[in-house]
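Participant: Dumping the structure here so I can ask a few things about it.
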Amino acid sequence: LGGWETNAQKRATKLNNKTNTKQLQKKKNRHIHTYTQTSQTNRKRNAMGCELTKLASSSNGGNSKSNNLPSLDACGPPPVDSRLPLTAKQKYTMVASWKGISRAMETTGITMFIKLFEEHADLLNMFAKFKELKTKEEQATSEELQEHANKVMNTLDEGIRGLDDLDTFFEFIHQVGASHRRIPGFKQEYFWRIEEPFLSAVSTTLGDRYTQNVEGIYKLTIKFIIETLVAGYEASANNNVDNTTSSSTPATKLSDEPNRAS
1383 LGGWETNAQK RATKLNNKTN TKQLQKKKNR HIHTYTQTSQ TNRKRNAMGC
1433 ELTKLASSSN GGNSKSNNLP SLDACGPPPV DSRLPLTAKQ KYTMVASWKG
1483 ISRAMETTGI TMFIKLFEEH ADLLNMFAKF KELKTKEEQA TSEELQEHAN
1533 KVMNTLDEGI RGLDDLDTFF EFIHQVGASH RRIPGFKQEY FWRIEEPFLS
1583 AVSTTLGDRY TQNVEGIYKL TIKFIIETLV AGYEASANNN VDNTTSSSTP
1633 ATKLSDEPNR AS
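What follows is the structure in structure tokens.
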């Protein structure tokens, strides 16, 4: 009898073990299924371009530890306007690097104009307020030059900060380009003379931060800005011609100013 009880106990234990094994397997299968669903959900969320993350950030008041610069590694590069000659990563680098320039706008602007007049002394004659500043020392300490340098740098600053909204960017830079029609003796090729002095001044301000990669991005950006200035300058000439030829009223002859577009 004792042997029978022992065998019965063994059979019961074996049966319990099988039952427990089945229950564990079911739990394991449920866990795998849940894990698979979670992974699929996460992949869908990532494919949405981190929209949920953006919404969460905005609901928290837009506070960010990175000065409102989104992490490209976290969400991946956002799409960029096809009219912009920069990739998403290049634009991110440009905006981040420009913060170093924005903290030294005046000195960068003065350095840029000193370099400009060093390479193109004839342009001094176009500036009545400081055309007599023949030496670097005089130019560096001129309040008039400082004021003008600040205006130009603020224009560049607004343009670079507007790269996220190219419609506004084009409208603004086109207007700046068109405004140069009012400068006696100005020619559109003069826009390009600021390119190298600008890059040189940026290099001086950034120092070691002006890497080869950053230099390439600044070259693309300033070229894009100058091309847009030229487009605005040329468009203003076409508009003037259209306005003159399409009007048949005597009002078009009220102005006796000479044509400054030549």
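To convert, take the position in the sequence shown, counting from 1, and add 1382; that gives the working numbering.
Just so you know, even glycine gets a beta-carbon here, dropped at the ideal spot from N, CA and C.
(1) So which of Lys1471, Ser1582 and Gln1570 has the shortest CA-CA distance to Ile1608?
(2) According to DSSP, simplified to helix, strand and coil, what is Thr1489?
(3) Evaluate contact between the region 1487-1494 and the region 1555-1574, counting only Cβ atoms and requiring at least three cross-stretch pairs below 8 Å.
(4) Since Val1612 and Phe1552 are thought to touch, with beta carbons under 8 Å apart, how far apart are those beta carbons, to the nearest angstrom?
(5) Could you pull out every residue in the same chain whose Cβ sits closer than 8 Å to the Cβ of Leu1602, ignoring the five residues on either side in sequence?
(6) Could you check whether Ile1542 and Phe1580 sit closer than 8 Å to each other, using their CB atoms as the reference points?
(7) What does the Cβ neighbour count give for Gln1521, buried or exposed, with the cut at 16 atoms within 10 Å?
(8) Taking the Cβ atom as the reference point for each residue, do Asp1463 and Leu1538 lie within a distance shorter than 8 Å?
(9) So what's Pro1566 in DSSP terms, helix, strand or just coil?
(10) Under 8 Å, do Arg1564 and His1502 count as touching if we go by C-beta distance?
(11) Using the three-state DSSP reduction, which class does Tyr1572 fall into: helix, strand or coil?
(12) Would you kindly work out how many angstroms separate the C-alpha atoms of Ala1560 and Glu1526, rounded to a whole number?
(13) Using a Cβ-Cβ cutoff of less than 8 Å, which residues in the same chain neighbour Lys1447 once the five nearest sequence positions on both sides are dropped?
(14) Which residues in the same chain as Gly1544 place their Cβ atom closer than 8 Å to its Cβ, once the five residues preceding and following it in sequence are excluded?
(15) Report yes if the C-beta distance between Ile1483 and Val1584 is below 8 Å; otherwise report no.
(16) Given this structure, state the Cα-to-Cα distance separating Asp1590 from Asn1532, to the nearest angstrom.
(17) When the Cα atoms are used, what is the spatial distance from Phe1512 to Gly1567?
(18) Taking the straight line between their C-alpha atoms, what separation do you get for Glu1618 and Thr1610?
Facilitator: So, from the data block:
(1) Gln1570
(2) helix
(3) no
(4) The Cβ separation is near 12 Å, so there is no contact.
(5) Pro1467, Leu1468 and Gln1472
(6) no
(7) buried
(8) no
(9) coil
(10) no
(11) helix
(12) 23 Å
(13) At Lys1447, the pLDDT of 47 sits below 50, so the modelled position is not reliable and the matter cannot be decided from this model.
(14) Thr1550, Phe1551 and Phe1554
(15) yes
(16) 24 Å
(17) 17 Å
(18) For clarity, residue 1618 is Ser in the given sequence; the question names Glu instead. C-alpha separation (whole angstroms): 12 Å.
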